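Report on the structure given below.
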Amino acid sequence: MANGENGRGALLTSSQYVKGVGPARQRLLSRLGIETVLDLVMHFPRGYFDRSDLVSIAGAAPGRTATVRGEVVAVHPRRLGPRRSMLTVAVDDGTGALRLVFFNQPYLERAFRAGTRVIASGEVRLFRGEKQITAPEWERTGEGAEEDLIHAGRIVPVYPLTAGISQRMMRRIVREALDRCEGVIEENLPRNLIEDLALPGRAEAIRQIHYPDDMIRHREAMRRMKFEEVFFLHLLIHERRMKIRSGAPRPAVPPPHTLAERFIAGLPFRLTAAQRRALGEITADVESAEGLARLLQGDVGSGKTVVAVAAMLLAVGAGHQAALMVPTEILADQHARRIGPALEALGVRCELLIGSMSAAVKETIHGRIADGLADVVVGTHALIQEGIRFRQLGLAVIDEQHRFGVRQRATLGRGDIIPHFLVMTATPIPRSLAQTVYGDLDLSVIDELPSPRRVRTELVPGSRIDAVYEDVRADLRRGGQAFILYPLVEESERIDLRAATAEFERLGREVFPDLPIGLLHGRMSFEEKARAIELFREGAIRALVTTTVIEVGVDIPGASILLINHPERFGLAQLHQLRGRVGRGGSEGVCYLLIGDETGAAAQERLGLFAGTDDGFRVAEIDLRLRGPGEIWGTRQSGYPTFRLINPLADRDLVER
């Protein structure tokens, strides 16, 4: 059963039939995504204990972790009370004696008999002048026991677990699975790649990751499996790209591009070099046979929307329709209000379509879209719901792609002719990660801001909150505006965090009794949200108590202060998005991060790093380093890769290779 169908069959056998599992434990393993023998051998450790360095008991120093080997000379069980017990096992290696102490594990008495040889690891302590290890990792050795050690006397794996599965249990189960797979795991990389990169074989790499002979071989094995992971991910991405480009034709968008050029000429400012470069790449794509499938990446305030509008006008100028899909109704309404007049001045008909509209209004707009009477449609998820039919969608712009997912993007492009796609994200991520996460898209980066943004970020201890409130009050009296942000809408019994609704009432009563303040959160109706934002934009509201509903795209030029409560609850990329809501009108903005006594040292260090830079790419790199690439967007989205081993930031050389 060395290869072929028999080999694959062994790997795909249910993990329930591995020795030590059974139906009950299989239900527990399923929580970890483990269903087959292959899943077990690919369930890699999250860390290791190095217990390979054996010392004599005489040389085992108190206060240090040590691994010792010896013979059991005495076993002393003792009851300490109801359901409480202690087992003491005396071990001697000829140089001295040491006690192994186990609490509340009376069944272990059967495992130790005088004369049994054991190996044990743990922290050595002195108790009444005698050396002992409490709750050691241990294993029987010698005649009648496995010489291939698992728990001690070697580099020992530490696995991700679930309730009901212990480390010892997981190690035994994985070892059983590895033994079952002996001679079955096939090579899956071309020989020339393996030789060129000096990689170990697949079966050897998997075994060395679980039970490394030494850390040099472990590093070689990890490099092999990381390369395999990113290699096949990129093959999958390449296949997806080829399938899209060899499928239905893209709408023809030949030059000249008079409409887009008129739009750019009418702007009250000049595009930056980075914007012009991105628009040039987009234009070349829509003119080509392969079409546009591109990610437009840029920091907050870099001017992505202007480039996107110009891109849509490329399609409209060629007789097609264009769509702009955004994650929130507030943002859709804001875009429609902002770009609608500019488009209408060019003779381009713009429609807004959002879920909260009445059925009658939606039906009317659906008809205008189907008849081609709407040239540009701005909307939310409503654009991909049943009943929406474009006469000919030429170009689709998707803002903040990570909130939609790959499948939903494909839904927008259904039909005989696939539209050109432009995806925008304000989450700056390193090129190596963009190549992996958005690998089916070409990449354009706007790495230049139209005008320098100045936002000062300060960490504020809870003891200074009154002084901060006084600074905010002074700024509001001078005509400034402030966002005061909370992570929750309403009080929670389970989480001790201040909530927006309760704090809105308290702030209005105690802190800003003489100033008009408003409330904005996700549970309000669209009309209530739109009204609150409009009053804030007009200056009728001086301070807006809000939640993360403002994170994406809300543009209030007069807002100069952002006070974030419980900032430790947010990722750095999200904090950077929130910080981008202030300082948009040209004056300096201030972002206060209010930390409480309960905020841990690690969280304070992370927030300190964030406060030290306003460069979105730098923030993203810090976030990646601290939280890992799988979590940078906060919530995993359908259609996105999850990385088992590869970190596209740390392993940039492998990604580029």
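Remember, the numbering used here sits 61 above the position in the sequence shown when you count from 1.
We put the beta carbon where it would ideally sit given N, CA and C, even for glycine.
All of these numbers come straight from a predicted model, not from anything done at the bench.
- Query: Could you give the distance in angstroms between the alpha-carbon of V437 and the alpha-carbon of A326?
  - Reply: So the alpha carbons of these two residues sit roughly 20 Å apart.
### Message
Can you list, in chain order, the residues of its chain with a C-beta nearer than 7 Å to that of D714? Leave out the 5 residues immediately preceding and following it.
### Response
Taken in chain order, the list of residues that qualify is empty.
**Sub-7 Å separation of V521 and V533 beta-carbons** = For the pair V521 and V533, the CB atoms are not nearer than the 7 Å cut-off.
Q.
For V219 and F292, which I take to be in contact (beta-carbon distance under 8 Å), what is that distance rounded to the nearest angstrom?
A. Incorrect: roughly 27 Å between the Cβ atoms, too far for contact.
- Query: For the candidate residues F544, L581 and G600, whose alpha-carbon lies nearest to that of G650?
  - Reply: For the residues F544, L581 and G600, the minimum Cα distance to G650 belongs to F544.
(Q) With distance defined between alpha-carbon atoms, name the residue in I277, G352, R186 and R107 nearest to A313. (A) Among I277, G352, R186 and R107, the Cα nearest to that of A313 is on G352.
I need the straight-line Cα distance from Y272 to R280, nearest angstrom please. Y272 and R280: Cα-Cα distance of roughly 12 Å.
*Please go through the same chain and pick out, in chain order, the residues whose beta-carbon is closer than 8 Å to the beta-carbon of R215, but skip the five residues on each side of it.*
Same-chain partners within the cutoff: R112, S113 and Y272.
*asked:* Assuming F324 is part of the alpha helix (DSSP H), what are its boundary residues?
replied: Under the DSSP assignment, F324 falls in the alpha helix (DSSP H) whose first and last residues are T319 to A326.
### Under the three-state DSSP convention, the category K287 falls into
Under the three-state reduction of DSSP, K287 is assigned to helix.
Report the residue from L320, H481 and E390 whose alpha carbon sits nearest the alpha carbon of V409.
The shortest C-alpha separation from V409 is found at L320.
message = Would the stretch 223-233 count as touching the stretch 248-258 if we require 3 or more Cβ pairs under 8 Å?
response = The stretch 223-233 makes no contact with the stretch 248-258: fewer than 3 CB pairs, one atom from each, lie closer than 8 Å.
Enumerate, from N- to C-terminal direction, the unbroken alpha helix (DSSP H) stretches of 4 or more residues contained entirely within the stretch 172-256. Here the runs fully enclosed are 228-241.
Exercise for the section: Pull up the distance between the alpha-carbon of R718 and that of S419, whole angstroms please. Expected result: Those two C-alpha atoms are separated by around 53 Å.
How about R603 and P577: do their beta carbons lie closer than 7 Å? R603 places its beta carbon less than 7 Å from that of P577.
Where do the N-terminal and C-terminal ends of the beta strand (DSSP E) with I153 fall, by residue? At residue 153 the sequence reads Asp, which differs from the Ile that was named. In this chain, the beta strand (DSSP E) harbouring D153 covers R145 to D153.
**Prompt:** Can you check whether the CB of A421 is closer than 7 Å to the CB of R429?
**Reply:** In this structure, A421 does not lie closer than 7 Å to R429 by Cβ.
Residue range of the alpha helix (DSSP H) that includes V716:
V716: member of the alpha helix (DSSP H) spanning R713 to E717, first to last residue.
| How should L72 be labelled, buried or exposed, when 16 other C-beta atoms within 10 angstroms of its C-beta is the threshold for buried? | That one is buried.
Tell me, which residues are paired with E170 by DSSP? Partner(s): none; E170 has no beta bridge.
Return the chain-ordered list of same chain residues with a C-beta closer than 8 Å to the C-beta of T696, the five sequence neighbours on each side being excluded.
In this prediction, T696 scores a pLDDT of 35, lower than 50, which makes its location untrustworthy; the coordinate-derived value is nonetheless stated afterwards. Sequence-distant Cβ neighbours of T696 in its own chain, meaning closer than 8 Å and more than five residues away, do not exist here.
**the stretch 355-370 / the stretch 563-571 touching (three or more Cβ pairs under 8 Å)** = With the cut-off at 8 Å, the stretch 355-370 and the stretch 563-571 do not touch.
query: Buried or exposed: Y653, going by 16 or more other Cβ atoms within 10 Å of its Cβ?
result: Counting Cβ neighbours within 10 Å, Y653 comes out buried, since at least 16 surround it.
Fill in: Y530 in three-state terms, based on DSSP
DSSP places Y530 in helix when its eight states are reduced to three.
Task: Reduced DSSP category for I602 - H, G, I as helix; E, B as strand; rest coil - done: Of the three classes helix, strand and coil, the one that applies to I602 here is coil, per DSSP.
Check your understanding: Which residues in the same chain as L340 place their Cβ atom closer than 6 Å to its Cβ, once the five residues preceding and following it in sequence are excluded?
Key -> The answer, listed in chain order, is V368 and A371.
Opening and closing residue of the beta strand (DSSP E) in which V506 lies = D503 to I507 is the span of the beta strand (DSSP E), which, as asked, contains V506.
Original post:
With which residues is P329 paired in a DSSP beta bridge?
Top reply: Residue pairing by DSSP places P329 in no beta bridge whatsoever.
Could you give the DSSP three-state label for Q665: helix, strand or coil?
The three-state reading of DSSP puts Q665 in helix, counting H, G and I together.
key: G440 to L356 span [Cα, whole Å]   = Approximately 19 Å between the Cα atoms of the pair.
In DSSP terms, what R679 is bridged to:
According to DSSP, which records beta bridges pairwise, R679 is partnered with nothing at all.
Below 7 Å between beta carbons: does that hold for P167 and G183?
-> Not in contact: P167 and G183 (Cβ atoms no closer than 7 Å).
For H582, which of helix, strand or coil comes out of DSSP?
-> The answer is coil: DSSP assigns H582 none of H, G, I, E or B.
*Mind the definition here: the stretch 129-147 touches the stretch 91-104 only if three or more C-beta pairs lie below 8 Å; say whether that holds.*
In short, these stretches do not touch, since the Cβ pair count stays below three.
| Distance, T177 Cα to K192 Cα | Looking at the two C-alpha atoms, the distance is approximately 19 Å.
Exercise. Please say whether A121 and V185 have beta carbons closer to each other than 7 Å?
Key: For V185 and A121, yes; Cβs fall inside 7 Å.
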